[in-house]
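Okay, structure first, notes after.
There are 2 protein chains.
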Amino acid sequence: MTGGRGRRKRADEPTADRLLALAARQFRVKGFHASTTRELSAALGIEKSSLYYHVSSKDDLLYRICVESLNRIQASVEEALADVDGPLERVDAMMSGHIAAMLEDRDLHATMLVELRALAGEQRDEVVGMRDRYEAIVRDTVAQAQEAGVLTAVFTTHELTLALLNLLNWTIFWYSPDGVDGADRIDELFRTVFLQGAVVPAGTTREPA
Amino acid sequence: MTGGRGRRKRADEPTADRLLALAARQFRVKGFHASTTRELSAALGIEKSSLYYHVSSKDDLLYRICVESLNRIQASVEEALADVDGPLERVDAMMSGHIAAMLEDRDLHATMLVELRALAGEQRDEVVGMRDRYEAIVRDTVAQAQEAGVLTAVFTTHELTLALLNLLNWTIFWYSPDGVDGADRIDELFRTVFLQGAVVPAGTTREPA
DNA sequence: CTTTGACAACCGAGCGCTCGGTCAGTAGCG
DNA sequence: CGCTACTGACCGAGCGCTCGGTTGTCAAAG
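So the protein sequences, as listed, match chains A and B. Counting in numbering that gives the first Met the number 0, the first sequence runs from 0 upward without gaps. Counting in numbering that gives the first Met the number 0, the second sequence runs from 0 upward without gaps.
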């Protein structure tokens, strides 16, 4: 049942999966258009023509990356939201779910976020549709917290959602898993900043902790 | 003394300036590598070969855009910081200066932020150096507010700075000058979220304003 | 007022190269 | 034998860039 059909002699992970992961990495680092099928096949250890046994085109590869990215983000957030009831707690959990997904698969999500524009036609429409559906979940969660009076109503749901996604999405461009900040720390940072802000309340001495 | 040497018959703005602005727009919308010198020259209304009278290469064009972008951001922030004394007021002013610059020249700054990776060698090093020098200004401003006890010390200066830039930088990807939110509104949104957070303090009724 | 020459700005043809993609064929396994 | 996985030789298109030449403008010379 385990590996080893055809000519494959490499590690157990199927070539198709390795292709997706390696392509995502290359697209994130160099960009979609600057990445070549030659480099990619070399990194995989196969010939360029063999790529087309697994995917139908370079565009198809990007499309699959985007779909996989959005599926994982949405799954992570939905899992984080399950069994959480309070409106503020739900915002909190949503942020954690989003950040966890982001930091676990940086290559995938960074590629989706910045290279989506390279897609065209139906593939683009479909991915944009998926993204919009995900953002609707975020928006609804924010809206419910506003209606419950726990999130400010000074700004519209739209505005607050944008501020939230701004804070969360840029992370993958600079985050390094080797850095001093682990995912937990990032999670705490963003949740605190978005919810409480960075200002120390007046009349408080330093180091509130 | 005013315009009109050579074959130029078009609007008063010099071709070199129009080139930079149009290239920045094209790079932002399509990406650097997906943009062709043919499209660009067509948009400018000149022949492809004529581009090389104004710039030495496509890379050179990107380099100039990045330099111009960072110069403008830094100038805008330094102007906003001039004559502002209080540590918290300085953070506030810095955010306004950054956002104002961002939203005024979206094409330039978005290109710099996402296409910097397409540069190589000395040009890349130089732009990265400029960016680091700018971020040092931001970091110092944050650090001074922390030392004064007005910004939280629960997170390091590095962490707070990243959260701040996260919030501010992603904006240019979705901001539209035709939308309902003007620059002033965005400015207020981000300043409020970063400093006070989005949560309504316990024991407060809705609509604090 | 005309001539001349230097120069800025631009043109058109085209070159060398790399790219994504094709296709007939083949090795290894069940 | 058939299927999966892969190969190697090969396109045609489009890319960035070059180069010799041309055109319009201004300043000084005659």
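The beta carbon of each residue, even a glycine, is placed where N, CA and C say it ideally should be. Quick caveat: nothing in here was measured; it's all calculated off a predicted structure.
Could you pull out every residue in the same chain whose Cβ sits closer than 8 Å to the Cβ of M94(A), ignoring the five residues on either side in sequence? L163, L167, D186, F189, R190 and F193
Report yes or no: is there a C-beta of chain B within less than 8 Å of the C-beta of A33(A)? yes
Tell me L150(B)'s beta-bridge partners as DSSP assigns them. V198(A)
Is DSSP giving Y174(B) helix, strand or coil here? coil
Compute the beta-carbon to beta-carbon distance between K90(A) and L161(A), rounded to the nearest angstrom, for a pair I have assumed lies under 8 Å. Reading off the sequence shown, one finds Val at residue 90(A), where the question assumed Lys. That belief does not hold up - the Cβ atoms of V90(A) and L161(A) are roughly 15 Å apart, past 8 Å.
Using 8 Å as the threshold, is the C-beta distance between L61(A) and E114(A) below it? yes
What are the residues in the region 137-162 of chain B lying within 7 Å of chain A by C-beta distance? G148, V149, L150, T151, A152, V153, F154, E158, L159, L161 and A162
In the DSSP assignment, find the unbroken alpha helix (DSSP H) run with L166(B) in it and report its ends. T156 to N168
Under 8 Å, Cβ to Cβ, is there at least one residue of chain A near T170(B)? yes
Let me see if you follow: with CB-CB separation under 8 Å, is R116(A) close to chain B or not? Interface criterion met: the Cβ of R116(A) is under 8 Å from a Cβ in chain B.
At a cut-off of 7 Å, would you count F31(A) as near the ligand MN, judging by its Cβ distance to the nearest heavy atom? Although the ligand MN was asked about, the structure shown includes no ligands whatsoever.
Could you tell me if S48(A) is buried or exposed, where buried requires 16 or more neighbouring beta carbons within 10 angstroms of its beta carbon? exposed
Rounded straight-line distance, which links the Cα of A182(A) to that of G85(B): 33 Å
Does DSSP put L188(B) in a helix, in a strand, or in coil? helix
So V199(A) contacts chain B; which residues on that side make the cut at Cβ distance below 7 Å? Chain order gives the chain B residues near V199(A) as G148, V149, L150 and T151, where near means a beta carbon separation below 7 Å.
Against chain A, which members of the region 181-196 of chain B pass a CB distance test of less than 9 Å? R184, I185, E187, L188, F189, T191, V192, F193, L194, Q195 and G196
Under 8 Å between C-beta atoms, does G30(A) make it to chain B? Yes, because at least one Cβ of chain B sits closer than 8 Å to the Cβ of G30(A).
What is the rounded straight-line gap between the Cα of S75(B) and the Cα of Q122(B)? 23 Å
If you drop the 5 nearest sequence neighbours on each side, which residues of the same chain put their C-beta closer than 8 Å to that of A42(A)? Hits under 8 Å: L21 and Q25.
Hey, would you say Y174(B) sits closer than 8 Å to R105(B), going by beta carbons? yes
Quick check on I72(A): does DSSP put it in helix, strand or coil? In this structure, I72(A) counts as helix in the three-state DSSP scheme.
Can you tell me which of the three DSSP states F31(B) falls into? coil
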